[in-house]
Ligand SMILES: Cc1cc2nc3c(=O)[nH]c(=O)nc-3n(C[C@H](O)[C@H](O)[C@H](O)COP(=O)(O)OP(=O)(O)OC[C@H]3O[C@@H](n4cnc5c(N)ncnc54)[C@H](O)[C@@H]3O)c2cc1C
């Protein structure tokens, strides 16, 4: 049953997670002003699923239950599902900046595939347990965060080689009832205002790392779980027209000997498949990153054109502005095109769900990750200094100076100064404020570093086939 946005917010009040922000314990995440932009953004994923005009994009019929579900909880059963997911993420992110909940979709699809493969290889019963969990999430229309990235310690060392054994989350004991885990997941999107945590391993493992090969799901307020969160966006800042409304919190999640019952465990020591679980998640998730940054690109293209026009420059007629805007479009849509291609060339897994093509998923993510800085450079160049120098709304409306500011800051005669200043403030908010920095860092690091995507491209691209083509043509 689809929840309304209000029901989502209310359901957070039924939970009691341990969350700290700036040293203070949060009483109620649903009512915490520092988290409000994050809660608002996730609420939009509930709101849009109920709108008839978005029904096809935002919802799907679960092949497990036959019931209508939010597409963010759907298992892809076709290339069309993969494409719809990409479109959904763009739709949500052009409204909220970051939909956050798509991580859940990506983890569910990776677990669907990997639990099936685990059972085939090891005779375990993970898949049926996972299906029970999936049905629970779908029917209750819950939101989960995905905790994959460990603290990782010394990057040149494997989990078992670290100076402290808990720098990667690990199993510290097992009994008939379940497993007990200890450690930290170091960067987790939206964690405070989700219902559940899905934990995945962050890398491939060796036999000596078997205790680190672990995946499970638990309620966010499970005993022994503590979150240390950043605020979401720029809450309460009148100079932040967008990120005071919508934002994303990231949190550290610490697991202090947390007990996980077996029915919520999806990998426990089968190190051989830890890497393929990570890889499957990354392949789905990098397409989500492509959709998310296309949504950001939509905002940037629209605002850059609007500001150029307010400055008196017609982007269709002024040569260098035309070049800049067409470059912006090129960066945004070339990455998005890789997402579309990854969906269209998606393949059915042995488990029966569909996964995007990994080469195009990784190339699209690489393009948006490295070109975010080109995109921001163009936005800043096109806008001019007003981007960081516009007066605050209070000054534009002030009885003392408002009238004069509105007169002097008007550029093109038929466009009011307030329009120009408002668009400049939006661009500052998403490209040049603390949140602007945040958008560049999430673009380059979120979903994996550029190097991680390059490695995947080199692993998955059929280089041997290209070599044999060259040999055939050259007669070598
Ligand atoms: C805003 C934001 C939200 C995020 N949300 C989530 C989330 O919800 N869930 C989640 O699990 N993760 C999340 N992440 C984490 C993200 O996946 C990681 O930041 C990313 O995988 C890079 O890992 P890292 O930050 O530990 O950087 P590092 O791994 O430390 O990378 C830093 C640099 O070191 C290089 N490097 C690392 N290891 C090696 C090595 N062995 N050899 C050579 N070079 C190396 C990298 O290529 C990179 O250039 C989020 C990140 C951000 C910024």
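Residue numbers (my numbering): 13 to 488.
Beta carbons are placed, not taken as given, at the ideal position from N, Cα and C, and that holds for glycine.
Cβ-heavy atom distance, residue i to ligand 1, below 6 Å
{"i": "residue 38", "result": "no"}
{"i": "residue 437", "result": "no"}
{"i": "residue 317", "result": "no"}
{"i": "residue 266", "result": "no"}
{"i": "residue 463", "result": "yes"}
{"i": "residue 470", "result": "no"}
{"i": "residue 115", "result": "yes"}
{"i": "residue 458", "result": "yes"}
{"i": "residue 161", "result": "yes"}
{"i": "residue 211", "result": "no"}
{"i": "residue 375", "result": "no"}
{"i": "residue 255", "result": "no"}
{"i": "residue 167", "result": "yes"}
{"i": "residue 226", "result": "no"}
{"i": "residue 196", "result": "no"}
{"i": "residue 201", "result": "yes"}
{"i": "residue 454", "result": "yes"}
{"i": "residue 262", "result": "yes"}
{"i": "residue 382", "result": "no"}
Pick from the options that is closest to residue i, judged by C-alpha positions
{"i": "residue 171", "options": "225, 230, 437", "result": "225"}
{"i": "residue 23", "options": "205, 237, 286", "result": "205"}
{"i": "residue 183", "options": "400, 227, 393", "result": "227"}
{"i": "residue 299", "options": "441, 460, 186", "result": "460"}
{"i": "residue 368", "options": "302, 30, 318, 387", "result": "302"}
{"i": "residue 424", "options": "29, 326, 143, 107", "result": "326"}
{"i": "residue 343", "options": "366, 328, 323, 388", "result": "388"}
{"i": "residue 156", "options": "111, 370, 179, 134", "result": "111"}
{"i": "residue 350", "options": "371, 333, 336, 401", "result": "371"}
{"i": "residue 258", "options": "441, 146, 481, 470", "result": "441"}
{"i": "residue 447", "options": "143, 242, 185, 221", "result": "242"}
{"i": "residue 223", "options": "186, 203, 359, 238", "result": "186"}
{"i": "residue 17", "options": "89, 123, 55, 322", "result": "55"}
{"i": "residue 13", "options": "456, 255, 79, 212", "result": "79"}
{"i": "residue 346", "options": "374, 363, 234", "result": "374"}
{"i": "residue 295", "options": "358, 308, 305, 452", "result": "358"}
{"i": "residue 132", "options": "285, 234, 396, 414", "result": "285"}
{"i": "residue 173", "options": "218, 323, 283, 396", "result": "218"}
Residues that residue i bridges to, as DSSP identifies them
{"i": "residue 231", "result": "208"}
{"i": "residue 195", "result": "267"}
{"i": "residue 360", "result": "366"}
{"i": "residue 239", "result": "31, 265"}
{"i": "residue 162", "result": "197"}
{"i": "residue 226", "result": "280"}
{"i": "residue 418", "result": "In the DSSP output, where bridge partners are listed per residue, residue 418 has none listed."}
{"i": "residue 478", "result": "In DSSP, residue 478 forms no bridge with anything."}
{"i": "residue 190", "result": "273"}
{"i": "residue 334", "result": "DSSP, once it has assigned bridges, lists no residue as partnering residue 334."}
{"i": "residue 36", "result": "33"}
Run of the beta strand (DSSP E) containing residue i, from where it starts to where it stops
{"i": "residue 131", "result": "Residue 131 -> not in any beta strand (DSSP E); alpha helix (DSSP H) instead, spanning 114 to 134."}
{"i": "residue 271", "result": "262 to 273"}
{"i": "residue 156", "result": "156 to 159"}
{"i": "residue 33", "result": "30 to 33"}
{"i": "residue 185", "result": "182 to 186"}
{"i": "residue 280", "result": "277 to 280"}
{"i": "residue 82", "result": "80 to 82"}
{"i": "residue 72", "result": "71 to 73"}
Extent of the continuous alpha helix (DSSP H) run through residue i
{"i": "residue 379", "result": "370 to 395"}
{"i": "residue 52", "result": "48 to 61"}
{"i": "residue 436", "result": "429 to 439"}
{"i": "residue 465", "result": "462 to 472"}
{"i": "residue 317", "result": "286 to 322"}
{"i": "residue 142", "result": "138 to 152"}
{"i": "residue 92", "result": "91 to 108"}
{"i": "residue 408", "result": "405 to 408"}
{"i": "residue 452", "result": "446 to 457"}
{"i": "residue 399", "result": "398 to 401"}
Cβ-Cβ distance between residue i and residue j below 7 Å
{"i": "residue 312", "j": "residue 433", "result": "no"}
{"i": "residue 15", "j": "residue 58", "result": "yes"}
{"i": "residue 245", "j": "residue 45", "result": "no"}
{"i": "residue 272", "j": "residue 196", "result": "no"}
{"i": "residue 140", "j": "residue 210", "result": "no"}
{"i": "residue 376", "j": "residue 462", "result": "no"}
{"i": "residue 278", "j": "residue 366", "result": "no"}
{"i": "residue 160", "j": "residue 212", "result": "yes"}
{"i": "residue 341", "j": "residue 455", "result": "no"}
{"i": "residue 379", "j": "residue 122", "result": "no"}
{"i": "residue 61", "j": "residue 82", "result": "yes"}
{"i": "residue 50", "j": "residue 261", "result": "yes"}
Any C-beta of chain C under 7 Å from that of residue i
{"i": "residue 342", "result": "No chain C is part of this structure, which consists of one protein chain only."}
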